[in-house]
Amino acid sequence: MSPRSIGNRDARSTPLGDLVQRRRRAVGLTQQEVADRAELSLGALRDVEQGRVTRPRAQTLRRLAEVLKLPAADLTDLAGSDRNSASGLRLLVLGQLSVLVDDVPVEPGSPRQRTLLGRLALSANALVEADELIETVWGMRPPPASRDLLQNRISRLRQRLGLGRSAAAAPALIARGGGYELAVTEDELDLLLFRRLARQARQLRDSSGGAAAYPPFRRAVDLWRGSPLAELDALRSCAHVAALELEWRAVVVECAVAAEVVGLDDEVVPVLRQATEADPLYEPAQARLMVALARTGQPAAALAVFDGLRQRLADELGIDPSTELQQLHRDIVRGELHGAGGSLAVGIGRPVPDVPAQLPPAVNGFVGRAAELMLLDDVLAGGPGPAVPIAVLSGTAGVGKTALAVHWAHRVRRSFPDGQLFADLRGFDWAEPATGADEVLRAFLDALGVPPDRMPAGREASVALYRSLVADRRLLIVLDNARDADQLQALLPGSAGCRVLVTSRNQLTGLVATTGACPVVLDLLPADDSRRLLANRLGDRRVAHEPAAVDEIVAACARLPLALAVVAARAAVQPQLPLSVLADQLRGSPGSLDPFDGGDPVSDVRGVFSWSYRTLSSPAARLFRFLGLYVGPDITVSAAASLAGVRVDRVRVLIAELVRVHLVQEHVPGRYAMHDLLRAYAGELVHTVDGEGVWKVAVRRLLDYYLHGADHADRVAYPNRDRIALPEPEPGVTAEVFASAESALSWLVAERPALVAAISSAAAAGYDRHAWQLAWALMMLFDRRAYWNDWASTHTVALESARRLGDPGAQAHIHRGLGRALSWLHREAEAQSHLERALDLFGQVADRNGQGRVLLALGLTVSRRGQHPEAVEHFRRALELYRAMGHREGQASALNILGWLLTTRLGDHAQALIHCRQALQLQRDLGDRRGEAHTLDSLGQVYGHLGRHAEAIVCYRHVLDYHAAHGERFFEADTLDRLGDEYLATGDRAAAGAAWRQAVEVLGELGRAEAEQVKAKLSGLA
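Below, the structure is given as structure tokens:
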């Protein structure tokens, strides 16, 4: 059979097309404007207006009617009046799948193709995601290229059934939005006809009474040929099938009520038996069957129905039949069932149970959380299979979990026509104990219409009844402020039609693991959203008038929504108070939570934090308090173990407990942090709960950890460096061990922010020895990684500590380091002053090695000031000093740097070559790879000046290898710049450009101004 044409491109205009076109012009809209507003393509609208599509989809007609301000019925009638557009397709899913085209049976294809068609028909005129279709058709382990296979089967269905592709016409099988949609009308799919007849019957019942409703109800019931798509195994557990069966049973009950009105009870007995056999616990159908049997002279059969139901309810749920059913039983026994409806209460004949609407009021001025809302929307969409979609929304105290949950729930509540249940589980409550599952179950059963006399006595019976009542219903269940997974298990429904949203300060990893729940972790608000929150509370004008103050407030509140709300409330009740004054007040209370007390337990940030703190075990609580002492942006397990003075494996367990309740966040693997307000809270606790002697020793342990870790890493990464003596660390300090230079450097780079902060912290706490020795230990890292600003700032602090100690040797080391840092920062005059002071101090303590190091640094500094003869003198003095000491590494350094100065500043290339070759030999004898790289760099410059470019290139390639291996990116770029010069000198412009482009990339990433100089060289190549 050839595919059926959806429309004729040469067709003339139709009544529908004429009406759409006339109305569009009357309201003054262009075709594009109508298409955009009706969510159509321009081509689809033109097809309708020009008669190429005469039978648009119902959705298309509704959208066009809304845009053109026409009654939808007018467009529908015109679309249905065109006989030429009538489709010959009939899809039957209310029983085994059957397909007719022009009344001729058509085989859709293989079982998988039949399953695909059946699943699309169950969601007719709605998108079904491709992933869901793949899992439905092929199961949990689809074959490779399953999307291609799916597309191929879709194409086969189109060909076999004559389905089009147009989004404006029906029938069609449309690909859109990552899935497929089967577009059909009510005349083409028995499921849609069934629902239309049921709607029509209800409208007639409500307007004209039950007698008028019976014929369409009966027609709807008669469409049912058996369990939908029963022969398709893959769809037996489909939630849509289960919901459809419940829908049919409800219509059967409504039909039976209408049949009673017209005295046709005998006609509905068979279908009522079918409904009660399908669901033996569905009381409305059982009640109507009892009525129909009694009214047709079969009271014994009616009483037998009651007896069977009572036994099943007792066996399976542990409850008795409802009060209404018991009353019906008594009426039948007494022969008192009279007239249409008799003494039967309305509740039994009503198929729709109570619809709870328990959501709290939505939050005013809600802002942001777009990513989290999208994740929750994904959970709402659900997936294939019978599992209940569950989202676990977790985060720290005051981050806005309940606000987000309630906001989202209100946004999607129309997607849950059977209602919304809400319970505050008080898992982290300041005054009340956690709400028990039994209490919540009773409240939920009450909301679902269970009368008090039918409330089960035990937990198991309550859970069974609860899950039976919500089965195959579309309910949203919000379980707020859960403490743990045990509190939730009994409250989870058993059917995929429901959606569950849980909020907790706990990560609830157990629930995620056992149910497949989707974890959604809520972080602090981004800065922009924090400002929007303040603007929503205080008004755009007030916030826009003081942007700097607003930024300060946001920072002081750590972007925590609760803190922002409390501060906003203070500002709102004082509209004349400038925000800058409020910002000053917050700035004047650093490390204090006093400004964030809203006056009641739920708006006191300190109190809200305490609810989480009180749930901790004693060891975890102690660790949390001690974390108020750590320095830097984050902390590792080893550092936390040293701070607490316990084993690393023990701390892993404790810190995991803190992470689970969001008092600490693992923001990158292995590194843990708290926002500023939580850190302030921990700091308050450690000073009030733990004695001064306790927390001061903890601080010393942490500083010992950083000092000895940095020193050991420095020894491994830079083994040829001179050393200073360190005292033994405190007991309980974790020792870091590095197996390679790479691991040592990685640790130093990762810990650099904490190490830098530790120097200032040590100085402020009076641990001056830690301050200067830690600064000294980091000198090589700062030098080789070009962290020159850190170098200068830490050594400035360390110098004050060294002076307080009155230790001239310590002062000498720090003056030297500070001088070198300032020299790199082009502050040569200050650098020279510090270096000269270092030279003097090293002389006082008779440290000749220190003097030699200073002389080399001093020579480099004065050479940068153009004082080259003076620089040569400093270098030669250093060389003589090292020769006298027999210090071969010092000699090599002096020879290299002297050679560099001779070739780059004084033009004495021959003598420079001699010095550099001598230095290189010494360094190779010593195994000093770092020194060797420096000398090869100098040799490259010598060879370049001598015109020996090939040898220069070889030197630079070796230097590059060293810098790249050690992460010395600035020096890598510096060498690449010179390498490009050498390539250009050999005429290899391509290689020169490649080297310079690489240098520009590195310098750009480092934010170095030197990038512009290299870019100028690249421009010269063009």
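Everything in the sequence shown is counted per my numbering, starting at 62 for the first residue and increasing by one.
Positions of the beta carbon are idealized from the N, C-alpha and C atoms, including for glycine.
### Query
Looking at C-alpha atoms only, which residue of Ala890, Asp901, Gln905 and Gly904 is the closest neighbour of Gln928?
Ala890
#### Entry: Candidates Arg881, Leu218, Ala815 and Phe687, of which the one nearest Glu753 by Cα
Phe687
### Query
Closest by CA to Glu500, which one among Tyr527, Ser476, Phe477 and Pro478?
Tyr527
### Query
Can you tell me whether DSSP reads Cys1084 as helix, strand or coil?
Outside the modelled stretch of the chain, which goes from 62 to 1083, sits residue 1084, for which no answer is possible.
### Query
Where do the ends of the alpha helix (DSSP H) carrying Gln372 lie?
Pro360 to Glu377
#### Entry: Under 8 Å between C-beta atoms of Gln481 and Ala470
yes
### Message
Please return the same chain residues whose Cβ sits closer than 7 Å to the Cβ of Gly402, not counting the five positions on each side in sequence.
### Response
Any reading at Gly402 is ruled out, since the residue's pLDDT is 41, under 50, leaving its predicted position unreliable.
### Task
Measure the beta-carbon distance from Asp326 to Ala353 and round it to whole angstroms, keeping in mind my assumption that it falls under 8 Å.
4 Å
### Message
Taking the alpha carbon of Glu1033 as the reference point, which residue from Arg279, Gly1041 and Ala1060 has its own alpha carbon closest?
### Response
Ala1060
### Task
Go ahead and label Leu1082 buried or exposed: buried means 16 or more other beta carbons lie within 10 angstroms of its beta carbon, across all protein chains shown.
exposed
### Query
In the DSSP assignment, what are the bridge partners of Thr564?
Leu454
### Query
Using CA coordinates, which residue listed in Ile451, Arg598 and Lys130 is at the minimum distance from Leu553?
Ile451
### Query
Whose C-alpha, out of Glu1029, Leu80, Ala1055 and Arg721, is nearest the C-alpha of Gly1041?
Ala1055
### Task
Compute the beta-carbon to beta-carbon distance between Phe477 and Leu437, rounded to the nearest angstrom, for a pair I have assumed lies under 8 Å.
Not quite, the Cβ-Cβ distance comes to about 13 Å (not below 8 Å), so this is no contact.
### Task
Have a look at Ala291, Ile1014, Gln174 and Arg1030 and flag the residue whose alpha-carbon is nearest the alpha-carbon of Leu1045.
Ile1014
### Message
Assess contact between the region 576-594 and the region 739-752, defined as three or more Cβ pairs (one per stretch) separated by less than 8 Å. Is contact present?
### Response
no
### Task
Note the first and the last residue of the continuous alpha helix (DSSP H) segment covering Ser679.
Ser679 to Phe687
### Query
Does the region 145-165 come close enough to the region 258-265 that 3 or more CB-CB pairs lie under 8 Å?
no
### Query
When the Cα of Glu1066 is compared with those of Arg1030, Asp1038, Glu1043 and Leu704, which residue comes out closest?
Arg1030
### Query
Within 10 angstroms of its Cβ, does Met435 collect 16 or more other Cβ (buried), or is it exposed?
exposed
### Message
Using C-beta distances below 8 Å, list every residue in its chain close to Asp286, excluding the 5 sequence neighbours before and after it, in chain order.
### Response
Inspection of the sequence shows that residue 286 is occupied by Arg rather than by Asp. Cβ within range, chain order: Leu153, Leu155, Gly156 and Gln157.
#### Entry: Inside the region 469-516 only - beta strand (DSSP E) runs reaching at least 3 residues
481-485
### Message
Could you tell me which whole alpha helix (DSSP H) segments of length 4 or greater appear in the region 144-220?
### Response
172-183 and 191-199
### Query
So is Val198 buried or exposed if we call it buried at 16+ other beta carbons inside 10 Å?
buried
### Query
DSSP beta-bridge partners for Cys579?
Ala452
### Task
Sort Leu625, Arg1009 and Leu177 by Cα distance to Gly459 and report the nearest one.
Leu625
### Query
With 16 as the cutoff for other CB atoms within 10 Å, does Arg356 come out buried or exposed?
buried
### Query
Who pairs with Gly461 in a beta bridge, going by DSSP?
Paired residue(s): none; Gly461 is not in a bridge.
### Strand pairing of Tyr241, partner residues [DSSP]
Val189 and Ala236
### Query
Could you check where the alpha helix (DSSP H) with Leu764 kicks off and where it finishes?
Glu753 to Ala778
### Task
Can you grab the Cα-Cα spacing for the pair Pro494 / Leu218, in whole Å?
59 Å
### Query
Are there 16 or more other CB atoms within 10 angstroms of the CB of Pro117, so buried, or fewer, so exposed?
buried
### Query
Does the Cβ of Val628 have 16 or more other Cβ atoms within 10 Å, making it buried, or fewer, making it exposed?
buried
### Query
Under the DSSP definition of a beta bridge, which residues are partnered with Tyr733?
Ile696
### Message
If you reduce the DSSP assignment to three classes, tell me which class Asp541 lands in.
### Response
strand
### Task
Please report the Cβ distance between Leu378 and Ser216, rounded to the nearest whole angstrom; I am assuming they are in contact, meaning their Cβ atoms lie under 8 Å.
Going by Cβ atoms, the distance from Leu378 to Ser216 rounds to 49 Å, so no, they are not a contact pair.
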